[in-house]
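What the sequence shown shows, in my numbering, is residues 440 to 647, in sequence order. All C-beta atoms, glycine included, are put in the ideal place defined by N, C-alpha and C.
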Amino acid sequence: MDTSFANRLTDLRKSAQLSQKDAAKGLGISQALLSHYEKGIRECGLSFVVRAAEYYGVTCDYLLGVHSVKTGLHEGFFTKEDIPEDKKLDSLTVFRISSVLHERLRNRPSSYGDIFIQYFSLSMYRFLISAVRAGNLPQNWTGGNTVVGTDIYYECICGLQNTLVNSLENDSSRIDDEEPPQCIKTLIDEVEKYVLEQIDRIYKPLEE
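Below is the structure:
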């Protein structure tokens, strides 16, 4: 039996320094029923999960053991320590990676921070333009001066990204090696795996 809910329900009450009697009153149930929930003897309904999450000021995902961050994406984004979610490449991990990179680059030299913001913004903009061109996002999401359907405009974006990357690679100074954060490890592992799979898929038939 998954005891994540029972354990977190108990831990939240203790962290709030509430007795089981007081917590039960605040949650609108009997102390006996709360005791059963906290021990994992009985399963609660969804309405109680929502009520308990609101009562303790956490997300339902945290209460159910889905995420380790209590208050959602923003807490996870600004947490400097590794979190369990870093082992999976998803939207939260991508945001955390951007935070780590920006923090490490913004003072090395100071212009690197600006370069990172420009590159990251261009990446998101490029994805936005592609989605609009494909008809998956509204046309009016782009600026009035954007020639979305023009290949030259799209290629210019790619060229600007390459220019920004080259400006980083031209710096000859180095820093000492250190253990990377888990989110960076996940990025490297997943992206390199994907790239190698695509290379193998494209070039292997040519070799046969």
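Inter-residue distance for ASP529 and TYR558 is about 20 Å (C-alpha atoms, whole angstroms). A direct Cα-to-Cα measurement between LEU626 and ILE536 gives close to 8 Å.
Exclusion of the five residues before and after LYS460 leaves GLN470 as the residues of its chain whose Cβ lies within less than 6 Å of its Cβ. Fewer than three Cβ pairs drawn from the stretch 492-505 and the stretch 599-609 lie within less than 8 Å of each other, which leaves the two stretches out of contact.
Counting the other Cβ atoms within 10 Å of the Cβ of CYS595 gives fewer than 16, which makes it exposed. Pairing LEU561 with TYR551 gives a Cβ-Cβ distance that is not under 9 Å.
In this structure ASP525 touches THR532 by the C-beta definition: roughly 6 Å separates them, less than 8 Å. The C-alpha of GLN637 is placed about 31 Å away from the C-alpha of HIS506. For SER458, the secondary structure class from DSSP, reduced to helix, strand or coil, is coil.
Judged by DSSP secondary structure, GLY552 falls within the alpha helix (DSSP H) whose first and last residues are 550-572.
Under a 10 Å Cβ-count criterion, LEU451 is classified as buried, with 16 or more other Cβ atoms of the shown protein chains found around its own Cβ. Here CYS622 has ASP525, THR532, ARG535 and ILE536 as same chain residues with Cβ atoms under 6 Å from its own Cβ, once five neighbours each way along the sequence are excluded. By the Cβ-count criterion, THR589 is exposed, with fewer than 16 other Cβ atoms from all chains shown falling within 10 Å of its own Cβ. Here LEU607 is near ILE554, since their CB atoms are less than 9 Å apart.
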